[in-house]
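J.: Let me begin by handing over the structure; questions about it come next.
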C-alpha cells in the first residue's frame, strides 16, 4: 500500500498530537476521520475544519473505512482499544502510533494483533507541555524527528508507508531505530531531562528567589510544567532504561560535588572542558539538523 | 556623590561584562576610562568607540582621574589589584564590582581598603556563555537583574550611586540583598543549574544520540558550554552554599528515582504536580518582570 491521496486515515485520540496530525493531513488533502471521547473536542475539530468526520466511540461501519489508523492515545488506552475493537479494522489496514516508549508496547500490540493487520510503531518527537486539542499545532513537526521502530514482524512496504506519513506531516528528519535503541535514546534525551527539571523545580524552598532568576534557571525548568498522568505512565513503562540514565547522571553529579567539596579546581575544570567539548559537538549536529 | 555626567568612570577589565559596561556608559554620555591587560582588547574598544581612553596597566595619573571605578575581574585578580594599586585611587572615589559571588570577597575587600574609598559590591546578573570583548553586548542588561549587596560599612549615598549606575546601564530590575542572601540565591538559581548542565552534558556515552535530540535536552544543556576558569573559581568561592543546594536537588532526584524504581505512579504524580505548581508561580513572577 502507498500513501496516496485516496487513502482514508483514521486518527484515534484528538489530543495535542492527534489533532496536529489531523490538521496536517487534512491540509495535505487527505480524508481524515477521527474518534475521540469528548464531544467538545470533536466540535472544536469540526469548527477548525481539521477532520472530515468524527465520532466519540468506535463503530464498525466507521472504523472499517480506514486504510491507515494512527493511535494517539496513552499506552494503556491504546492496548485496551486494540483488545476491544480490533475486530472492526479492515483487513489489510496499516496501523501506527505516537507512543513515546516502545519496547514495552510494540511487541505486546503486535502479538495480540490479527494476522491481516500490520502495526508499524512510530514516535513523533514533538511533545508540547500543554495537553488537548487547543494546543495542537502542526508547525511543531517542522523541526522535529520522526522515528519509526520496526520489528521482525514488519514488512518493508508498511514501514515505508509509515515513513511517508512522517514526510507528509512535515517532519524534518525521519529515522529508523530498534525499539530498544529508541527507549535508551528517549530515556537519556527526554525522560532524564524531565526528571531533572521536576527535581530542580521542587528543590527550592523559597519562592522569593524567583525574583532574581536569570535565563539559566528558566531554561532548565521550561519542561517542569508537566502532564503528570502521561509522564508517570511513560516513566513506569521505560523504568529500566530510565533508571540506568539517572544513575549515569548521578555519577557525574557526585563527581562534580566531590570536586567542589575538596575545592579541586582542576577536577572541575577538566569536567567543564569535557562538557564544553560535548556541547560543541552537540551544537554541530543540531545546526546541521535545522 | 551623584552619578552626574561629569563623573569619570574607570572600568578595570574589558571582558564580556566590562566592555558591555563601557559601551552602555559611553552611549549615555559618560567619560569612560579603561584598564585592561591585552593591547588587542584595547584596540577593539577604541575602534568600537566604547572608551575615551585606555591603558594596559595601572598608572597613578590615569587611575586618580576616576570618580567611580568598576572592577570587572576574576575575584582573585580583583583582590590582587586592590592590594597592589589602591594607593593610586583618588580620595573619595566609589568603587564597585561585577563579581558573581559576594560573602567571600566583599568583607575581605572592604577590610583591606583605605578609609577614604568606599566599596559598594554589585552583581549584574547578565552572564554570557562566551568570554571576551567580542561577545560584549549591552543589550543583555535589558532583561536582567542588577543586585547591590551592601554591608554595614556602606553609606546610603554610595549605595544609591551604585543603584543609579545599574539604572544608567539599563538593567530591568535593581535590588538590594545581603551578601549572604545573594550567595544562597545564586547557588540555587545559577550555580546549581550550571552543575546540572555540566553533569548532564558529560553523562552521555554515545554521540550518535544527539541526532535525535528534541528541545528539552538542548534547553537543559544550553549553559553546558562553560568558562571553566571562571566557574571553577566561583564554585570554589561559594562552596558551602552551593553544596547545600546540590544536596537539596539530590534529595528530590532520589525521591523521583525511588518512585520510578517502585513504579509508584502516585508518588511521581504528586511530585510532578508540585513541579507544575511551582513552575506556574515562577512564570507568573517572570512574566511580571519582563
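Chains as they are written, first to last, in this note's numbering: chain W, 22 to 311; chain L, 22 to 311. Using N, Cα and C, we set each Cβ at its ideal position, and we do this for glycine too. Note that the coordinates shown come from a computational prediction; the quantities given were computed from them, not determined experimentally.
Between the C-alpha atoms of residue 63 of chain L and residue 78 of chain L, what's the straight-line distance to the nearest angstrom?
T.: Cα-Cα distance, rounded: 11 Å.
J.: Exposed or buried, what is residue 259 of chain W when buried is set at 16 or more other beta-carbons lying within 10 Å of its beta-carbon?
T.: Per the 10 Å Cβ criterion, buried.
J.: Residue 228 of chain L versus chain W: which residues are under 7 Å apart at the beta carbon?
T.: Those within 7 Å of residue 228 of chain L in chain W are 302.
J.: Compare the C-alpha of residue 172 of chain L against each of L:125, L:27, L:104 and L:252 and name the closest.
T.: Checking every option, the nearest Cα to that of residue 172 of chain L belongs to L:125.
J.: Quick check on residue 101 of chain L: does DSSP put it in helix, strand or coil?
T.: Of the three classes helix, strand and coil, the one that applies to residue 101 of chain L here is helix, per DSSP.
J.: Could you tell me whether any Cβ in chain L is nearer than 8 Å to the Cβ of residue 211 of chain W?
T.: Chain L, which has a Cβ nearer than 8 Å to the Cβ of residue 211 of chain W, makes this yes.
J.: Find the nearest neighbour of residue 153 of chain L within the set L:30, L:66 and L:31, judged by alpha-carbon distance.
T.: Checked all of L:30, L:66 and L:31; the closest Cα to residue 153 of chain L is L:66.
J.: State the DSSP-derived secondary structure class of residue 22 of chain L, mapped to helix, strand or coil.
T.: Residue state, collapsed to three classes: coil.
J.: Identify, in the order they occur along the chain, each residue of the same chain with its Cβ nearer than 7 Å to the Cβ of residue 314 of chain L, setting aside the five sequence neighbours on each side.
T.: What the structure shows of chain L is the stretch from 22 to 311, and residue 314 of chain L is not part of that stretch, so it cannot be assessed.
J.: Rounded to the nearest angstrom, what separates residue 44 of chain L and residue 275 of chain W at their Cα positions?
T.: About 41 Å.
J.: Might you give, ordered along the chain, the residues of its own chain that have their beta carbon closer than 8 Å to the beta carbon of residue 292 of chain L, omitting 5 neighbours on each side?
T.: Around residue 292 of chain L: 273, 276, 277 and 280.
J.: What are the residues of the segment 232 to 246 of chain L that lie near chain W, defined by any Cβ-Cβ distance shorter than 9 Å?
T.: Within the segment 232 to 246 of chain L, the qualifying residues are 232, 233, 234, 235, 236, 237, 238, 239, 240, 241, 242, 243, 244, 245 and 246.
J.: At a CB distance below 8 Å, what residues from the segment 213 to 225 of chain L approach chain W? Give them in sequence order.
T.: For the segment 213 to 225 of chain L, which is checked against every Cβ of chain W, the residues closer than 8 Å are 213, 214, 215, 216, 217, 218, 219, 220, 221, 222, 223, 224 and 225.
J.: When DSSP labels each residue in this structure, what does residue 299 of chain W get in the three-state scheme?
T.: Residue state, collapsed to three classes: helix.
J.: Is the Cβ of residue 160 of chain L closer than 8 Å to any Cβ of chain W?
T.: It does not: the Cβ of residue 160 of chain L has no partner Cβ on chain W nearer than 8 Å.
J.: Can you find a CB in chain L that lies within less than 8 Å of the CB of residue 166 of chain W?
T.: It does; some Cβ of chain L falls within 8 Å.
J.: Starting from residue 197 of chain W, trace the beta strand (DSSP E) both ways and give me its first and last residue.
T.: Element bounds for residue 197 of chain W: 194 to 197.
J.: Which residues in chain L sit within 7 Å of residue 45 of chain W, going by Cβ to Cβ distance?
T.: By Cβ distance, chain L contributes nothing, its closest Cβ being about 18 Å from residue 45 of chain W, past 7 Å.
J.: With a 10 Å radius around its C-beta and 16 neighbouring C-beta atoms as the bar for buried, classify residue 269 of chain W as buried or exposed.
T.: Buried is the call here.
J.: Between residue 197 of chain L and chain W, is there a C-beta pair that is closer than 8 Å?
T.: Chain W contact via Cβ: absent.
J.: Looking only at C-alpha atoms, which of L:29, L:299 and L:147 sits nearest to residue 164 of chain L?
T.: Residue L:147 is the option with its Cα nearest to residue 164 of chain L.
J.: What does residue 273 of chain W touch in chain A if you count any residue whose Cβ is under 9 Å from its own?
T.: Looking for chain A here will not work: the only protein chains present are W and L.
J.: For the segment 96 to 115 of chain L and the segment 130 to 143 of chain L, state whether three or more C-beta atom pairs, one from each stretch, are separated by less than 8 Å.
T.: Flag = yes, the segment 96 to 115 of chain L and the segment 130 to 143 of chain L touch.
J.: Would you decide whether residue 132 of chain W is buried or exposed? Buried here means 16 or more other CB atoms lie within 10 Å of its CB.
T.: Answer is exposed; the Cβ neighbour count stays below 16.
J.: Looking at the structure shown, is residue 225 of chain W part of a helix, part of a strand, or coil, going by DSSP?
T.: Of the three classes helix, strand and coil, the one that applies to residue 225 of chain W here is coil, per DSSP.
J.: Give the residues from the segment 284 to 309 of chain W that approach chain L closer than 7 Å (Cβ to any Cβ), ordered along the chain.
T.: If the cut-off is 7 Å between Cβ atoms, the segment 284 to 309 of chain W has 284, 286, 289, 290, 292, 293, 294, 295, 296, 297, 299, 300, 301, 302, 303, 306 and 307 near chain L.
J.: Any contact between the segment 222 to 237 of chain L and the segment 175 to 191 of chain L? By contact I mean 3 or more CB pairs, one from each, below 8 Å.
T.: No, because fewer than three Cβ pairs between the segment 222 to 237 of chain L and the segment 175 to 191 of chain L fall closer than 8 Å, the two stretches do not touch.
J.: To the nearest angstrom, report how far apart residue 201 of chain W and residue 123 of chain L are at their CA atoms.
T.: The alpha-carbon atoms of residue 201 of chain W and residue 123 of chain L are separated by roughly 48 Å.
J.: Cα separation between residue 207 of chain L and residue 99 of chain L?
T.: Rounded to whole angstroms, residue 207 of chain L to residue 99 of chain L spans 20 Å at the Cα level.
J.: Using only alpha-carbon positions, find the residue among W:120, W:216 and W:24 that is nearest to residue 267 of chain W.
T.: For the residues W:120, W:216 and W:24, the minimum Cα distance to residue 267 of chain W belongs to W:216.
J.: Measure the Cβ-Cβ separation of residue 29 of chain W and residue 86 of chain W and say whether it is below 8 Å.
T.: Yes, the pair counts as a contact, with Cβ atoms nearer than the cut-off.
J.: Return helix, strand or coil for residue 179 of chain L, following the three-state DSSP convention.
T.: It is helical.
J.: How many angstroms separate the CA atom of residue 94 of chain L from the CA atom of residue 40 of chain L?
T.: Computed Cα separation, rounded: 11 Å.
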